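First residue of the sequence shown? That's 16 in our numbering, and the numbers climb one at a time after it.
All C-beta atoms in this analysis are idealised placements derived from N, C-alpha and C, irrespective of residue type, glycine included.
All values derive from a computational prediction rather than experimental measurement.
Below is one structure; the comments refer to it alone.
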Amino acid sequence: SRSVWVVMTLMSDKGLDFWQTASILGYCLLPMVLLAFLSVFFASTGVVMAALAVAVIAWCTIRSSEMLVLAMDVHNERALVAYPVALFYTCFA
């Protein structure tokens with residue numbers, strides 16, 4: 016999360032606290048716990064888990080980029096915020 020914080024701080028004029036970034040990324044990581052729970056019941060290489068992983072990554076990215084955009088006050092740069100965040104969550108799925 017430190018690398019995401021560095022990128023977000025460089026993008027923001029107002030700056031962003033590391034703990035605020037870690038809190039947002041951690042809060043939006045909760046659906047990954049559900050994905051991990053479901054991986055007990057479904058094959059991890061199956062179509063169901065792949066679809067669930069894509070859905071969870073999308074949900075986590077949308078929610079956390081929305082919160083980061085509000086925290087950084089960069090409303091026109093949501094896609095730029097979402098890209099490194101999506102890469103961050105893809106590492107966990």
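Going by CA-CA distance only, name the one from the options that's closest to residue i.
i, options, result
"Met28", "Val100, Asp88 and Val96", "According to the sequence displayed, residue 28 carries Asp and not Met. It is Asp88 whose Cα lies nearest to the Cα of Asp28."
"Thr36", "Glu81, Phe107, Cys106 and His90", "Glu81"
"Trp74", "Phe57, Cys43, Ser16 and Pro99", "Cys43"
Should residue i and residue j be called a contact, given that it needs their Cβ atoms to be closer than 8 Å?
i, j, result
"Val84", "Val96", "yes"
"Thr76", "Ala101", "yes"
To the nearest angstrom, how far is the alpha carbon of residue i from that of residue j?
i, j, result
"Gly41", "Ser54", "20 Å"
"Arg93", "Val48", "25 Å"
"Val69", "Ile39", "20 Å"
"Tyr98", "Phe107", "15 Å"
"Ala66", "Met26", "32 Å"
"His90", "Ala51", "33 Å"
"Met23", "Pro46", "22 Å"
"Ala58", "Thr105", "18 Å"
"Ser79", "Gly30", "17 Å"
"Met64", "Val21", "32 Å"
At a cut-off of 7 Å, would you count residue i as near the ligand ADP, judging by its Cβ distance to the nearest heavy atom?
i, result
"Ala108", "Here there are no bound small molecules, and the ligand ADP is not part of this structure."
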